[in-house]
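Trainee: The numbering of the sequence shown is the working numbering, which starts it at 1254 and goes up by one.
Each residue gets a CB set at the ideal place from its N, CA and C atoms; glycine is no exception.
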Amino acid sequence: MRVGIMGGTFDPIHHGHLVAASEVADRFGLDQVVFVPTGEPWQKSGSAVSPAEDRYLMTVIATASNPRFQVSRVDIDRGGTTYTVDTLRDLRAAYGPEAELFFITGADALGKILSWKDAADLFELAHFVGVTRPGFDLSAEHLPADRVSLVQVPAMAISSTDCRRRVEEGKPVWYLVPDGVVQYIAKRSLYRKVDNI
Ligand code: ATP
Ligand code: MG
C-alpha cells in the first residue's frame, strides 16, 4: 500500500492542494492520498484559525468525489498544535509497517522542515515529496537526498490566506476552491468580519 499524506490547515482547502495531491498520486502510483487537517491550536483565540470541524468538513466536501482521496481526523482528535512527526506516527500505526508513506508538502513548507519537531525522525517515518508552488523556490539541498523527491506540479497561484481575504472583501472565490466549498463558506459565514458589538 502506497499512501500519500497531505497535511494542512485547509482554511479553506483550495485547488492548489487538490492538484498537488492528484499530481503526486499519479507520479508515485499512490493507492490513496490522505488529507489531514491540523488540530485547533488552543493557544490562539478562535479568530486566528477557523474551527477544526469547519476545516474538516470543507476537506471532506472537496475530496468526496475522488475515490483515492481520504480525510483523516488524527490531528483534530489529538487536539492542540499539530506536529507532523505526530501525524506520521499515528498514520504509521494505522496503516502498519508495510505501508509506504509519502508526505506531500509545498515548496514553502519544505524549506522549513528542519525546524520542525523531531526533524531527524521525520525522514524515517516517510518519504517526502516537495511540490512546486508559485512564489517559492523548490530546493531540498538541506534535506537527506534519498528521502526527498521534488515534483513539478501545474502552477496554481492560490493560497488559503488569499481566499480568506477575498471572502472578507466580498470578492469571489469561485474556481479557486471547489463549488461545494464556496457554498459551505457562505452557509457558515466563514471569513466575514464579525461585528461583535
Ligand atoms: P495559508 O495561506 O493559510 O498558509 P496555504 O494556502 O498555504 O494556506 P496550507 O493549508 O497552509 O495552505 O498548506 C498545506 C500544504 O499545501 C502545504 O504543504 C503547502 O505548501 C501546500 N500548498 C498550499 N497551496 C499550494 C499551492 N498553491 N501549490 C502547491 N502547494 C500548495
Ligand atoms: Mg500555508
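#1: With a cut-off of 8 Å, do at least 3 Cβ pairs link the region 1415-1434 to the region 1388-1397?
#2: By how many angstroms is the C-alpha of serine 1325 removed from the C-alpha of aspartate 1343?
#3: Give a single yes or no on whether aspartate 1415 has its beta carbon closer than 7 Å to a heavy atom of ligand 2.
#4: For my contact list, valine 1277 and valine 1420 are in at a C-beta cut-off of 8 Å; report their separation, rounded to the angstrom.
#5: According to DSSP, which residues form a beta bridge with leucine 1403?
#6: Could you check the C-alpha separation between alanine 1410 and alanine 1360 for me, to the nearest Å?
#7: When DSSP labels each residue in this structure, what does phenylalanine 1281 get in the three-state scheme?
#8: Indicate, with yes or no, if ligand 1 has a heavy atom lying under 7 Å from the CB of isoleucine 1411.
#9: CB-CB under 6 Å to glycine 1269, same chain, minus the five flanking residues each way: which ones, in chain order?
#10: I want to check one thing, is the minimum distance from the CB of aspartate 1361 to the heavy atoms of ligand 2 below 7 Å?
#11: How is the alpha helix (DSSP H) around phenylalanine 1389 delimited, first residue to last?
#12: Bridge partners for valine 1287 per DSSP, in chain order?
#13: Which two residues bound the contiguous alpha helix (DSSP H) that contains glutamate 1421?
#14: Terminal residues of the continuous alpha helix (DSSP H) containing isoleucine 1357?
#15: Within its chain, find whatever has a CB closer than 6 Å to the CB of alanine 1379; leave out the 5 residues flanking it on each side and keep chain order.
Mentor: Walking through what the data contain:
#1: Verdict: no, contact absent.
#2: Spanning the two alpha carbons is a distance of roughly 10 Å.
#3: Taking the Cβ of aspartate 1415 as the reference point, every heavy atom of ligand 2 lies at 7 Å or farther away.
#4: About 28 Å separates the two Cβ atoms, so there is no contact after all.
#5: DSSP output for leucine 1403 lists Gly1383 as bridge partner(s).
#6: Distance between the alpha carbons of alanine 1410 and alanine 1360: 13 Å.
#7: It is helical.
#8: Yes; taking the cut-off as 7 Å, the Cβ of isoleucine 1411 has a heavy atom of ligand 1 nearer than that.
#9: Cβ neighbours of glycine 1269 within its own chain (closer than 6 Å, five residues either side excluded): Met1409, Ile1411.
#10: It does: the Cβ of aspartate 1361 is within 7 Å (strictly closer) of some heavy atom of ligand 2.
#11: Unbroken run through phenylalanine 1389: none, as it is neither H nor E.
#12: BP columns for valine 1287 point to Ile1258, Gln1323.
#13: That run of the alpha helix (DSSP H) goes 1413-1421.
#14: Taken as a continuous stretch (DSSP letters only), isoleucine 1357 belongs to no alpha helix (DSSP H), being part of the beta strand (DSSP E) at 1353-1359.
#15: Here the set comprises Leu1341, Leu1354, Phe1356.
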